[in-house]
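Step one of this worksheet: look at the structure below.
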Amino acid sequence: MQPLVEWHDGLSVGIQEIDEQHKVLVDLLNELYEAIREHHGREASVAILARLADYTRIHFTVEESLMRILGYPEYDEHKVHHEALIAQLHDFQQRVADGEAITFELLHFLRNWLTKHIQEGDTRYTEFFLSRGAQRNWQKKGWLDRFWSGIAG
């Protein structure tokens, strides 16, 4: 089965922490696509859309926090863009709650805003973040990796 969005280097902003979060968003969008395509039912699709909206809010909060901490000069503009995307997601959730079906048109819209946001918006802050001390790759394993390594070791 072909996913709606395939992760590729063009979606990478070059900072592992943010790329990993973007991959979660891509995975959730693909999960929603599969649920619609495979007719898993309205309840399953609504639940995935809710998870996508929740994780999007979390991701945007992380990005905005980094922008504030690092003094990103385009913070206000980027935050407005985030708020518009959250409003659109909320609108879709409300329309679905009111009985509208989640369509392939909606999925393609979500795919387009996600890829456009990453490629046109998020890639703009990479060099600034790196110039302010952000690291391209994680310097330490996360707690979960350390936990699993300890059990497997």
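Residue numbers for the sequence shown follow UniProt numbering, beginning at 1 and rising by one. Just so you know, even glycine gets a beta-carbon here, dropped at the ideal spot from N, CA and C.
Since I believe residue j is in contact with residue i (beta carbons under 8 Å), could you give me their beta-carbon distance rounded to a whole number of angstroms?
i    : j    : result
I15  : L32  : That belief does not hold up - the Cβ atoms of I15 and L32 are roughly 26 Å apart, past 8 Å.
L85  : F129 : Not confirmed; about 20 Å, so no contact.
T115 : V13  : With a Cβ gap of about 12 Å, T115 and V13 do not count as contacting.
V46  : V96  : 6 Å
L29  : R51  : Their Cβ separation, rounded to whole angstroms, is 11 Å, which puts L29 and R51 out of contact at 8 Å.
Quick check: residue i and residue j, are their CB atoms within less than 9 Å of each other?
i           : j    : result
L11         : V26  : yes
Q21         : V62  : yes
E83         : R124 : no
H78         : G121 : yes
A44         : Q93  : no
L107        : T56  : no
residue 155 : W138 : In the structure as shown, the chain begins at 1 and stops at 153. Residue 155 is therefore absent and cannot be evaluated.
R111        : G71  : no
Around the Cβ of residue i, are there at least 16 other Cβ atoms within 10 angstroms (buried) or fewer (exposed)?
i    : result
F109 : exposed
A101 : exposed
I69  : exposed
T103 : exposed
H117 : buried
A87  : exposed
Identify the continuous alpha helix (DSSP H) that holds residue i and give its terminal residues.
i    : result
V46  : R42 to L70
V80  : Y75 to A97
D27  : Q16 to R37
N112 : F104 to K116
E100 : Counting along the chain, E100 falls outside any alpha helix (DSSP H), and DSSP gives it neither H nor E.
T126 : T126 to S131
At a threshold of 8 Å, does residue i count as lining the ligand FMN (C-beta to nearest heavy atom)?
i   : result
D54 : With respect to the ligand FMN, the structure offers nothing, as it holds no ligand at all.
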